[in-house]
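Chemist: The structure is given below, and queries will be raised subsequently.
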Amino acid sequence: MSGERRQQILEVLAGELEARPGVRITTAALAARVGVSEAALYRHFPSKAKMFDALIDFAEQSVFGLISRILDDETDASLRCRRICELVLVFAARNPGITRILTGDILTGEHERLRLRVNQFFDRLETQFRSILRDALLANGARPDRAEVHAAASVLTATLSGRLAQFVRSAWRVAPHQDWDQLWPVLARGIFSQPPG
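Residue numbers (our numbering): 16 to 212.
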């Protein structure tokens, strides 16, 4: 029952973050929505920061677990990058409350460690893009230019971060993957110097 209650608390928290964009969620309000006392809430999570930690864990496990499958399924660098971008955008669209955490929208006044964890999420994405781009150049017999690889990976990561922030700012009206089929070819031409496959 304890694991089920923890899961319920996290689901309610994610739902509240989605249902109340721009509003801070207090532990008192969360406890009331779950139907338990604040003391009961704290028996499952010692702090609200730990609840946010658990939602960040969920995002990391979901996204990076699926990235591993993409890397197993695809060998083309452009397709790998496109599918990873689409994965992140669809994850955000399906999890608006967690997206508020990933953009830092709800983290003002929270523990600094949470901001560092979110930064690590995006750093890890950027590292993955760098690895894909570097490996593709090496496979083609080219010597990777470190600055260009870092710049291209940074553009992909910044695009994702920006799309997620736009989704949160619009209070969910502008889907993160909206117009993606038009945006991707522009990005791919700049990064891969050719239209995507």
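Here a beta-carbon is modelled for each residue, glycine too, at the ideal position from N, C-alpha and C.
State the CB to CB distance for the pair residue 200 and residue 104, rounded to an integer number of angstroms; the pair is presumed to be in contact (CB under 8 Å).
Modeler: Residue 200 sits at position 185 when you count from the first residue of the sequence shown. Residue 104 sits at position 89 when you count from the first residue of the sequence shown. Actually they do not touch by this definition, with Cβ atoms about 16 Å apart.
Chemist: Quick one: using the 10 Å Cβ neighbour count with 16 as the cut-off for buried, is residue 176 buried or exposed?
Modeler: In the sequence shown, residue 176 corresponds to position 161, counting from 1. Under this definition residue 176 is a buried residue.
Chemist: Out of 144, 124 and 66, state which residue places its alpha-carbon closest to the alpha-carbon of residue 95.
Modeler: As a first step, residue 95 must be located in the sequence shown, where it is residue number 80. Selected option, being the one with the closest Cα: 144.
Chemist: Drop a sphere of 10 angstroms on the beta-carbon of residue 90, count the other beta-carbons inside from all chains shown, and report buried for 16 or more, exposed for fewer.
Modeler: As a first step, residue 90 is located in the sequence shown; it is residue number 75 there, counting from the start. Here residue 90 is exposed. Its C-beta has fewer than 16 other C-beta atoms within 10 Å.
Chemist: Please classify residue 212 as buried or exposed, where buried requires at least 16 neighbouring CB atoms within 10 angstroms.
Modeler: Numbered from its first residue, the sequence shown carries residue 212 at position 197. Low per-residue confidence applies at residue 212: pLDDT is 37, beneath 50, and the placement is therefore not dependable, though the value from the model is reported in the following sentence. With fewer than 16 other Cβ atoms within 10 Å, it is exposed.
Chemist: Which word fits residue 63, buried or exposed, when buried means at least 16 other C-beta atoms lie within 10 angstroms of its C-beta?
Modeler: Working through the sequence shown from its first residue, we reach residue 63 at position 48. Residue 63 sits buried, since 16 or more C-beta atoms from the chains shown fall within 10 Å of its C-beta.
Chemist: Out of 53, 35 and 197, which one is the CA nearest neighbour of residue 42?
Modeler: Position 27 of the sequence shown holds residue 42. For the residues 53, 35 and 197, the minimum Cα distance to residue 42 belongs to 53.
Chemist: Under 7 Å between the Cβ atoms of residue 36 and residue 166?
Modeler: For the purposes of this step, residue 36 is taken as residue 21 along the sequence shown, with counting starting at 1. For the purposes of this step, residue 166 is taken as residue 151 along the sequence shown, with counting starting at 1. The criterion of a C-beta distance shorter than 7 Å is not satisfied by residue 36 and residue 166.
Chemist: Below 6 Å CB to CB, which residues in the same chain sit around residue 126 once its five sequence neighbours on both sides are set aside?
Modeler: Working through the sequence shown from its first residue, we reach residue 126 at position 111. Closer than 6 Å at Cβ, skipping near neighbours: 64.
Chemist: How many Å lie between residue 110 and residue 92 at the Cα?
Modeler: Within the sequence shown, numbered from 1, the residue matching residue 110 stands at position 95. Within the sequence shown, numbered from 1, the residue matching residue 92 stands at position 77. Taking the straight line joining both Cα atoms gives about 27 Å.
Chemist: Judging by CA-CA distance, which residue of 79, 148, 108 and 184 is the nearest neighbour of residue 135?
Modeler: Counted from its first residue, the sequence shown places residue 135 at position 120. Selected option, being the one with the closest Cα: 79.
Chemist: Going by beta-carbon coordinates alone, are residue 74 and residue 25 separated by less than 7 Å?
Modeler: Here residue 74 corresponds to residue number 59 of the sequence shown, with the count starting at 1. Here residue 25 corresponds to residue number 10 of the sequence shown, with the count starting at 1. No. Outside cutoff.
Chemist: Under a three-way DSSP split, which group does residue 134 fall into?
Modeler: In the sequence shown, the residue the question calls residue 134 occupies position 119. The answer is helix: DSSP assigns residue 134 an H, G or I state.
Chemist: Give the single residue among 51, 141 and 124 whose Cα lies nearest to the Cα of residue 164.
Modeler: Taking the sequence shown and counting its residues from 1, one reaches residue 164 at position 149. Answer by Cα proximity: 141.
Chemist: For residue 21, does the three-state DSSP call read helix, strand or coil?
Modeler: As a first step, residue 21 is located in the sequence shown; it is residue number 6 there, counting from the start. The DSSP-derived three-state label of residue 21 is helix.
Chemist: Label residue 209 either buried or exposed according to how many other C-beta atoms from any shown protein chain fall within 10 Å of its C-beta, with 16 as the threshold for buried.
Modeler: Numbered from its first residue, the sequence shown carries residue 209 at position 194. For residue 209, the pLDDT reaches just 46, beneath the cut-off of 50, and the residue's location in the model is therefore unreliable, although a value from the coordinates is still provided. Answer is exposed; the Cβ neighbour count stays below 16.
Chemist: Which first and last residues belong to the alpha helix (DSSP H) in which residue 205 is found?
Modeler: Locating residue 205 in the sequence shown gives position 190, counting from the first residue. From DSSP, the alpha helix (DSSP H) with residue 205 extends over 195 to 207.
Chemist: If you draw a straight line from the alpha carbon of residue 169 to that of residue 23, how long is it in whole angstroms?
Modeler: Position 154 of the sequence shown holds residue 169. Position 8 of the sequence shown holds residue 23. Computed Cα separation, rounded: 36 Å.
Chemist: Can you have a look at residue 183 and say buried or exposed, based on whether 16 or more other CB atoms are within 10 angstroms of its CB?
Modeler: In the sequence shown, the residue the question calls residue 183 occupies position 168. Buried is the call here.
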